[in-house]
Every structure is written in structure tokens, then in C-alpha cells.
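Trainee:
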Amino acid sequence: MTERSSRPPLTSSPAWQALQAHYEGVKDAQLKQLFATDQERGETFTAEGAGLFLDYSKNRITAETVRLLVALARERGLEERRAAMFAGEKINTTERRSVLHVALRAPRRASIESDGVNVVPAVHEVLDRMADFSNNVRGGKWKGHTGKRIKNVINIGIGGSYLGPEMAYEALRDFSRRSMTFRFVANVDGSAFAEATHDLDPARTLFIISSKTFTTLETMANAATARQWIVDGLKSEEAVAKHFVAVSTNAEGVAKFGIHPDNMFGFWDWVGGRYSMDSAIGLSTMIAVGPPNFRKMLAGFHEMDRHFRTAPLEHNLPVLMGLLTVWYNNFFGAQTVGIMPYADNLKRFPAYLQQLQMESNGKHVNLEGHTVDYQTGPIVWGEPGTDGQHSFYQLIHQGTKLIPCDMIGFCQPLSAYRHQHDLLMANLFAQAEALAFGKSAEQLTEEGSAPFQTPFRVCEGNRPTNLILAEKLTPQALGALVALYEHDVFTQGVVWDIDSFDQWGVELGKALAVRIIPELESASEPALKHDSSTNALIRRYRNLRGGS
Ligand code: G6Q
1 MTERSSRPPL TSSPAWQALQ AHYEGVKDAQ LKQLFATDQE RGETFTAEGA
51 GLFLDYSKNR ITAETVRLLV ALARERGLEE RRAAMFAGEK INTTERRSVL
101 HVALRAPRRA SIESDGVNVV PAVHEVLDRM ADFSNNVRGG KWKGHTGKRI
151 KNVINIGIGG SYLGPEMAYE ALRDFSRRSM TFRFVANVDG SAFAEATHDL
201 DPARTLFIIS SKTFTTLETM ANAATARQWI VDGLKSEEAV AKHFVAVSTN
251 AEGVAKFGIH PDNMFGFWDW VGGRYSMDSA IGLSTMIAVG PPNFRKMLAG
301 FHEMDRHFRT APLEHNLPVL MGLLTVWYNN FFGAQTVGIM PYADNLKRFP
351 AYLQQLQMES NGKHVNLEGH TVDYQTGPIV WGEPGTDGQH SFYQLIHQGT
401 KLIPCDMIGF CQPLSAYRHQ HDLLMANLFA QAEALAFGKS AEQLTEEGSA
451 PFQTPFRVCE GNRPTNLILA EKLTPQALGA LVALYEHDVF TQGVVWDIDS
501 FDQWGVELGK ALAVRIIPEL ESASEPALKH DSSTNALIRR YRNLRGGS
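Residues in the sequence shown are numbered from 1 upward in steps of one, following the working numbering.
1. Looking at the ligand G6Q, does it come within less than 7 angstroms of residue 166, judged from the CB to the closest heavy atom?
2. Can you find a heavy atom of the ligand G6Q that lies under 7 angstroms from the Cβ of residue 219?
3. Tell me which same chain residues have a C-beta within less than 6 angstroms of the C-beta of residue 495, skipping the five on either side of it?
4. According to the neighbour-count rule (16 or more other Cβ atoms, all chains shown, within 10 Å of its Cβ), is residue 97 buried or exposed?
5. Whose C-alpha, out of 365, 442, 530, is nearest the C-alpha of residue 10?
6. In this structure, how does DSSP classify residue 496 when only helix, strand and coil are distinguished?
7. Let me check understanding here. Comparing Cα to Cα, which of 137, 336, 521 lies closest to residue 354?
8. Over the uninterrupted beta strand (DSSP E) stretch that includes residue 381, give me the two end residues.
9. Would you tell me roughly how many angstroms separate the C-alpha atoms of residue 89 and residue 119, rounded to the nearest one?
10. Going by DSSP, which residues form a beta bridge with residue 405?
11. To the nearest angstrom, report how far apart residue 131 and residue 408 are at their CA atoms.
12. Does residue 112 come out as helix, strand or coil in the three-state DSSP assignment?
13. What does the alpha-carbon distance come out to for the pair residue 382 and residue 338?
14. Can you tell me which of the three DSSP states residue 508 falls into?
15. In whole angstroms, what separates the C-alpha of residue 556 from that of residue 246?
16. Who pairs with residue 153 in a beta bridge, going by DSSP?
17. Between the beta-carbon of residue 313 and the beta-carbon of residue 74, is there less than 8 angstroms?
18. Please indicate yes or no: does the CB of residue 157 lie closer than 7 angstroms to some heavy atom of the ligand G6Q?
19. Under a three-way DSSP split, which group does residue 320 fall into?
20. Compute the minimum distance between the beta carbon of residue 213 and the heavy atoms of the ligand G6Q, and state whether it is under 7 angstroms.
21. Roughly how many whole angstroms lie between the Cα atoms of residue 1 and residue 7?
22. Pull up the distance between the alpha-carbon of residue 265 and that of residue 44, whole angstroms please.
23. Does residue 371 come out as helix, strand or coil in the three-state DSSP assignment?
24. For a test of your reading of the model: does the CB of residue 216 fall under 7 angstroms from any non-hydrogen atom of the ligand G6Q? Yes or no.
25. So, is residue 368 buried or exposed, given that buried needs 16 or more other C-beta atoms within 10 angstroms?
26. Please return the same chain residues whose Cβ sits closer than 6 angstroms to the Cβ of residue 193, not counting the five positions on each side in sequence.
27. Roughly how many whole angstroms lie between the Cα atoms of residue 22 and residue 404?
28. Report all residues from its chain with a CB closer than 6 angstroms to the CB of residue 263; omit the five preceding and five following residues, and keep chain order.
29. State the DSSP-derived secondary structure class of residue 272, mapped to helix, strand or coil.
30. Quick test of your reading: residue 309 and residue 490, contact by CB under 8 angstroms. State the CB separation rounded to the nearest angstrom.
31. Please look up how many angstroms separate the CB atoms of residue 483 and residue 402, rounded, as I've assumed it's under 8 angstroms.
32. Would the stretch 47-57 count as touching the stretch 98-112 if we require 3 or more Cβ pairs under 8 angstroms?
33. By DSSP's criteria, residue 248 is part of a beta bridge. Which residues make up the other side?
34. From 67, 72, 25, 41, pick the residue whose C-alpha is nearest to that of residue 13; which is it?
35. Can you tell me whether DSSP reads residue 35 as helix, strand or coil?
36. Closer than 7 angstroms to a non-hydrogen atom of the ligand GDP - does that hold for the CB of residue 161?
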């Protein structure tokens, strides 16, 4: 095992240097040629795990590239860091915390320790309480203040306490209780709350206040508004007890809000916000799809954890995907990664991954606090196919930027419209094919293209894609897919030698906002001490804001 301290800096390490030299030799390689010279390529550059199939053959790589990338992962200590994570070591060094989201989906019999304590029994205790509560709400045993059963569930939370629950609800709609309504309020913009509640009956509405800290400005503001909405609507302070539950690590804050400890579902400081959709933060998901489906989702996560921990790096899905991101990000200079799920229910998946990837790996210093001399996390973006094909795909096909894309598809539809599913999947395969192989001027001419149009119609191809295929978008498949990306992000972070589990960058703006709030609201003209632009904007806002 190579100790971190004795390792050379990333860009001067032997494996990096070898990759750099290799890159010079293959950077102009064309996918068309690579496929022509290796008839088996589409079969060999594939990997499978936890029910997911990855075809990475349409990447600008050779077998040697994979060998060198895997050597880089080994040299940077991926296996040791992975073992350290699973062993509960405090790999979130800047916050001195274990990183144990893998414990959230460990089977009951497993033992995973943080600070010498096996955390798995506590995980299952919370899961069992969540299951009881979910069953009570779904079955109508849990009643609102006026005795009516709950029909509407609103999750109030932001960032990691919002994106996962909303994404999972959308993804698993087909498995959800259709007679109930599920909504998600994140933005401090009062319009979000107003829109989520405008057509709902308070007597039938349950709020889940999801906040690890129970101090987040947006969530606390929306929770206070929700409290007032219930109290006004049901004309009783006591109604709060039956219309609010909390998911948090801050028992004191929850009690102060008026939520009984029995109605609080806890989690732990070793669960990062963006890694928490499978903790109690997933309570809305569990109420929507029911405890057995939630457990199937956890089983999918766990299966991918096992694959990540045990499969050889050369056949390890998250490792391969993480290394391919490093390849394009650091050697080809690609700035972004496109996420294109060919599943309408995954419409929030790109936004979910945006946080997972960009909050985790958008870092400018390494674990020792030194500024890095290489690129770290790419910009992640995307939209479901086929929608994106009719808008921004143009730039991916013919623009001047290299945009590696992950395309995700399922072999079986959730809807009854099988033919439309074939159309959807035909488009997925066609796009990956078109991006890789394009269309040359010669081909166009042969097909009778008008000469004046030919240059505009040429698609150079050589645009890389990963193609992820699963049988069906089930709870299990969703769990495996999310875990795939969690460990993909982990792999990248290890190579870049950064802390993928902190998020100090979001603090500054939050602190400044707290300072500005009274300046916007004070009755007397405040003495503004910002820059001239901020001062002038605040003055203009005060003049135009109206109201009291
Ligand atoms: C995620 C981040 C962040 C966090 C939100 C909400 O990894 O830490 O997105 O989830 O700021 O925080 P609370 O859950 O504490 O309200």
C-alpha cells in the first residue's frame, strides 16, 4: 500500500506521465477506425454489475488506455481509500467525519463501524420506524387533526434534503400510491410553497421537514410558513402534532419547532446531504412507494456497493466510469459531462447528479490544502432523451466542444405503450451511433447531398458516450444506478486527491445573505457597507419592493 504522503503529486506521478504520453499517441484516434480494426470491440469494452450493463466501447480509448487508467487508480490508492470508506475511517478529513452512506443500505446482519460502534442496528431501527409510520399514513391509521386521513405529503427541504427525494419520487411514480399527492418545496421563494399548497386541504396534508441541521434558512422559512398554513387552516396550534414530522440530526431544533421526538426520524453526521436519499431523508419516497419497494431500492444500492468493493478494477462499473471522466476532463480538456436518461421518469436525475458530482468534486485544493494544478470536477448537465435531441444535441453533434455523454436506457417500458418504448430506445441507440460514427462528406455526396449543403451536413463523429442499460426502471435498478454514480464520483475524487465530502464553497453566500436580510427589511435607511454595486442594488430594491 502506498501511503498518501509518500506519493508524488498527481501530475508528476509515473501513472499520470504514462497516460500523458499515451494520450499524445491516441488523441486523434477515430472511433470509426477503432471499431474497424477490432470487430469485437462492442462486446469487449463492456462491464456488468448489480443489474446494470455498461457499454463503454464508444469512448476514445484503447485497451492500453484502460490499463493505464486502472494503473493510475491503483497508484493513487483507490483500493485503500475504498477500504477506508467502508471501514468507517474519517475520510471526510476537513470535517473529520466518516463517510458511511454505504451503511444505510447494508443488510441487518452486516457490521460497519464508525468510532468503534456498529452503526447498522441503528440504521435498521430507523428504517423500521419509517416503515411503521409509512404504513400508518398509507393505510389511513395516521389521521390528521380533524380525524381525516392524510392524502397529501409535502417534503420541505433543500439541496441534499430535496433533490434525492424528488428525483426518486419522479423515477418511481409507477410504484407509488396513486391516490396520494406528493410535492416537494425547496426554494425560499414563497411561490414554491404557494404553488405546492394552493389546491390542498390542510386537514389532509402532512409536512415532512427534512433538514439534517434543522437550521437551513430556506427550510426553516418554508417550515414556518407551513406551520402557519396548518394553524390558520385548522384553527388550532395543536394541529401541528398531527401534520408535521421531521427528518433531522438536530433533536433539539425539532422539539423547539413543536414536533414530538416520536415523530422525528434521525440520521447521522456520517451521512452527507447529497448522499442521504436512502436515509430517513427518503421518508417521502417510502410513503410513496411503500416499505417493501423502498427496501428493494436499498438492495439495489447495496448490490452496487458490493460490486464496487469486490469487482476487479478493470471490470468495475463505477471505477471505469470515474476513470473515463478523468480521461476526458484532464487529458482531452472536456469541461462538461452530459447525462441523458432515455426515461421520462428520470427527468430529475441530471439535476440530482449535478449536485452529487459538482458539490462533491468542485474543489480547488487537495487533501493537504494545496491548490491543485489540474482540473477537478466537470460541469454536469442534461435532460431526458428524446427531448434533448430536439434542442441542444446539435451542439454535441456538430459544435466545437467535446461533450462526453452518459446515455441511460431500459429494455422494458413501465407504460403499456411498448411500441413507443421501442421508438425511445431506437433513438438512444441511434444517437450513440451517430455521435460515434457521424457522417462524412463522401457519404453525403454518395447519398446525393446538394454540394452547397454538404459541409454543413457533415457530422464528424468521434463523440464519446457511455451507454448504461438496465432491464427496467424498478426501485432496485434506481438504487443501483444512484450508487453507481456515488462511487463514480468517489473514484474521481480519489484520483484528484480532494475531499469529495465537504462543501465549504456554499457557506460564503449563505453568510452574506444573512447580513443582507435586515438591510432589505429595516424600516430606517440602513448604512450599507458593501461594494458600490451591491449597495446600489439594495437601494433600488428597497425603493421598489413595495409592501411593508
Ligand atoms: C449536501 C449539502 C447541502 C445540504 C442542504 C440542506 O451535501 O450539504 O445540499 O443538503 O444545504 O441542508 P440541511 O439538510 O441541513 O437542511
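Note that beta-carbon positions come from the ideal geometry of N, C-alpha and C, so glycine has one too. Since the structure is predicted, the reported quantities are computational estimates derived from the model, not experimental observations.
Mentor: Working from what's here:
1. no
2. Correct: residue 219 has its Cβ closer than 7 angstroms to the ligand G6Q.
3. 76, 326
4. buried
5. The residue from 365, 442, 530 with its alpha-carbon nearest to that of residue 10 is 365.
6. The DSSP-derived three-state label of residue 496 is helix.
7. Distance from the Cα of residue 354 is smallest, within the candidate group 137, 336, 521, for 336.
8. 379-381
9. 13 angstroms
10. Bridge partners of residue 405: 338, 465.
11. When rounded, the distance between both Cα atoms is 31 angstroms.
12. Correct three-state label for residue 112: coil.
13. 5 angstroms
14. Helix, per DSSP.
15. Any property of residue 556 remains undetermined from this structure, which presents the chain solely from 1 to 548.
16. 182, 206
17. Taking 8 angstroms as the Cβ cut-off, residue 313 and residue 74 qualify as a contacting pair.
18. The answer is yes for residue 157.
19. helix
20. yes
21. Confidence in residue 1 is poor, its pLDDT being 42 and thus under 50, which makes the residue's placement too unreliable to answer from.
22. 46 angstroms
23. strand
24. Yes - the ligand G6Q has a heavy atom lying nearer than 7 angstroms to the Cβ of residue 216.
25. exposed
26. 185, 222, 225
27. The alpha-carbon atoms of residue 22 and residue 404 are separated by roughly 19 angstroms.
28. If we look at residue 263 and ignore the five residues flanking it on each side, its Cβ neighbours are 245.
29. coil
30. The pair is not a contact, with the Cβ atoms about 11 angstroms apart (cut-off 8 angstroms).
31. With 8 angstroms as the limit, residue 483 and residue 402 do not qualify as a contact, their Cβ atoms being about 28 angstroms apart.
32. no
33. DSSP lists 266 as partners of residue 248.
34. 72
35. helix
36. Judged by which ligands are present, the ligand GDP is missing from the structure shown, whose ligands are the ligand G6Q.
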